[in-house]
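Numbering (my numbering), first residue to last: 24 to 262. These notes concern the structure reproduced below.
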Amino acid sequence: MLDSEEIKKLVLEAQKGDENAKNILVNENSSLIKSVIKRFKDKGIEYEDLYQLGCLGFIKAIKNFNAEYDVKFSTYVVPMVIGEIKRFMRDDGEIKVSRSLKSLNLSINKFVESYYAINKEKPSIEQISKEFNVDEQEIIIAMEASKKPVSLFAPLESEDSDLLVIDRFDSLNNDNSIMDKITIKEMIKALCERDRKIILMRYFYDRTQSEVAKKLGISQVQVSRLENKILESFKLKLS
Numbered sequence: 024m025l026d027s028e029e030i031k032k033l034v035l036e037a038q039k040g041d042e043n044a045k046n047i048l049v050n051e052n053s054s055l056i057k058s059v060i061k062r063f064k065d066k067g068i069e070y071e072d073l074y075q076l077g078c079l080g081f082i083k084a085i086k087n088f089n090a091e092y093d094v095k096f097s098t099y100v101v102p103m104v105i106g107e108i109k110r111f112m113r114d115d116g117e118i119k120v121s122r123s124l125k126s127l128n129l130s131i132n133k134f135v136e137s138y139y140a141i142n143k144e145k146p147s148i149e150q151i152s153k154e155f156n157v158d159e160q161e162i163i164i165a166m167e168a169s170k171k172p173v174s175l176f177a178p179l180e181s182e183d184s185d186l187l188v189i190d191r192f193d194s195l196n197n198d199n200s201i202m203d204k205i206t207i208k209e210m211i212k213a214l215c216e217r218d219r220k221i222i223l224m225r226y227f228y229d230r231t232q233s234e235v236a237k238k239l240g241i242s243q244v245q246v247s248r249l250e251n252k253i254l255e256s257f258k259l260k261l262s
């Protein structure tokens, strides 16, 4: 086992490009990496992939470690390894998506941003489809692939309170939030059966557009258009 001074010396050498020093550090800390990745063993990622991610986080720890601070290298390594695995899980998603679909999703996002900057509004599914010469159904799938459904009753992130997503629904006035919630419920009740099912499944039961389409026997494109139309009508009534 290497002592702290030997480790710091090897880290400095590795930061200067010494591959041998880097390999020694990885080998000597293999048990540490394995102990960290154990907590992720039931998250749907193969053990070998977890170990590779752990090693990647370890290499980043070597690169960014500052020996001038009074911090043990092993202490610095742990959050770096955890962070690398969590970053992979966040970016890769719980639902595995093909590389081509991810690539299309990124291209769509760039196009939407560019389009909005020029036109001050987002392009329609039809416009995106024509831009990429891709079927509208595939455009919808690509756009949905990178995000998870969000429940209206999920807690708001970065909030030190008990607020839910519904408390920040577009155009809601905080001073009249209770009345607005009642209004939303009444608006949902007033929808036709099909539209009501779409909103309930999407925002109360966390269903994806694909799942809603299958349940209703319509296409995902239709679900997307109907959902946008319903939400726009809600916004107008709440404004």
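Just so you know, even glycine gets a beta-carbon here, dropped at the ideal spot from N, CA and C.
Among Asp72, Ile131 and Asp93, whose alpha-carbon lies nearest the alpha-carbon of Phe111? By 1-based counting over the sequence shown, the position of residue 111 is 88. Looking at Asp72, Ile131 and Asp93, the one whose alpha-carbon comes closest to that of Phe111 is Asp72.
Three-state class that DSSP yields for Leu214 in the structure shown: Locating residue 214 in the sequence shown gives position 191, counting from the first residue. Looking at Leu214 - three-state DSSP - the assignment turns out to be coil, as it is neither helix nor strand.
According to DSSP, is Ile68 part of a helix, a strand, or is it coil? Here the question's residue 68 lines up with position 45 in the sequence shown. Three-state result, Ile68: coil.
Separation of Val157 from Leu254, as counted between CA atoms: Here residue 254 refers to the residue found at position 231 of the sequence shown. Here residue 157 refers to the residue found at position 134 of the sequence shown. Going from the Cα of Leu254 to the Cα of Val157 covers about 26 Å.
Ends of the alpha helix (DSSP H) at Lys31? Taking the first residue of the sequence shown as 1, we reach residue 31 at position 8. Residues Ser27 to Gln38.
Cβ-Cβ distance between Glu159 and Ser152 below 9 Å: Stepping through the sequence shown from its first residue, residue 159 is reached at position 136. Stepping through the sequence shown from its first residue, residue 152 is reached at position 129. Yes; because the gap between Cβ atoms is below 9 Å, this pair is in contact.
Using alpha carbons as the reference points, say which of Ile105, Tyr139, Glu29 and Lys220 lies closest to Arg62. Residue 62 sits at position 39 when you count from the first residue of the sequence shown. Nearest C-alpha to Arg62: Ile105.
Please report the distance separating the alpha-carbon of Gly67 from that of Ser58. Here residue 67 corresponds to residue number 44 of the sequence shown, with the count starting at 1. Here residue 58 corresponds to residue number 35 of the sequence shown, with the count starting at 1. Going by the C-alpha atoms only, they are around 17 Å apart.
So what's Arg230 in DSSP terms, helix, strand or just coil? The count along the sequence shown starts at 1 and reaches residue 230 at position 207. Coil.
Tell me, please, whether the segment 217-229 touches the segment 240-258 by the rule of three or more beta-carbon pairs shorter than 8 Å. Short answer: they touch.
Let me know the secondary structure DSSP gives Glu91 once reduced to three states. For the purposes of this step, residue 91 is identified with residue 68 of the sequence shown, where counting begins at 1. Three-state result, Glu91: coil.
Taking C-alpha atoms, which residue in Asn142, Arg230, Asp218 and Ala37 lies nearest to Lys86? On the sequence shown, position 63 is the one that residue 86 refers to. When only C-alpha atoms are compared, the closest one is Ala37.
Checking 9 Å against the spacing of the C-beta atoms, do Ile164 and Gln243 come in under that value? The residue given as residue 164 occupies position 141 in the sequence shown. The residue given as residue 243 occupies position 220 in the sequence shown. In this structure, Gln243 lies closer than 9 Å to Ile164 by Cβ.
Who are the Cβ neighbours of Leu48 in its own chain at under 8 Å, not counting the five residues just before and after it? Counting from one through the sequence shown, the residue named residue 48 turns up at place 25. Taken in chain order, the residues that qualify are Ile30, Leu33, Val34, Ala37, Phe81 and Ile85.
Report yes if the CB atom of Ile162 is closer than 9 Å to the CB atom of Ile141, and no otherwise. Here residue 162 refers to the residue found at position 139 of the sequence shown. Here residue 141 refers to the residue found at position 118 of the sequence shown. No, the pair does not count as a contact, with Cβ atoms beyond the cut-off.
Looking only at its chain, what residues have a beta carbon closer than 6 Å to the beta carbon of Leu25, apart from the 5 residues adjacent to it on each side? What you label residue 25 is simply residue 2 of the sequence shown in a count that begins at 1. The answer, listed in chain order, is Glu51.
Does the distance from the C-beta atom of Met103 to that of Lys83 stay below 9 Å? Here residue 103 is taken as the residue at index 80 of the sequence shown, counted from 1. Here residue 83 is taken as the residue at index 60 of the sequence shown, counted from 1. Cβ atoms of Met103 and Lys83: closer than 9 Å.
Is the separation between the beta-carbon of Tyr139 and that of Gln150 shorter than 9 Å? Residue mapping note: residue 139 aligns to position 116 of the sequence shown, counting from 1. Residue mapping note: residue 150 aligns to position 127 of the sequence shown, counting from 1. No Cβ-Cβ contact shorter than 9 Å links Tyr139 with Gln150.
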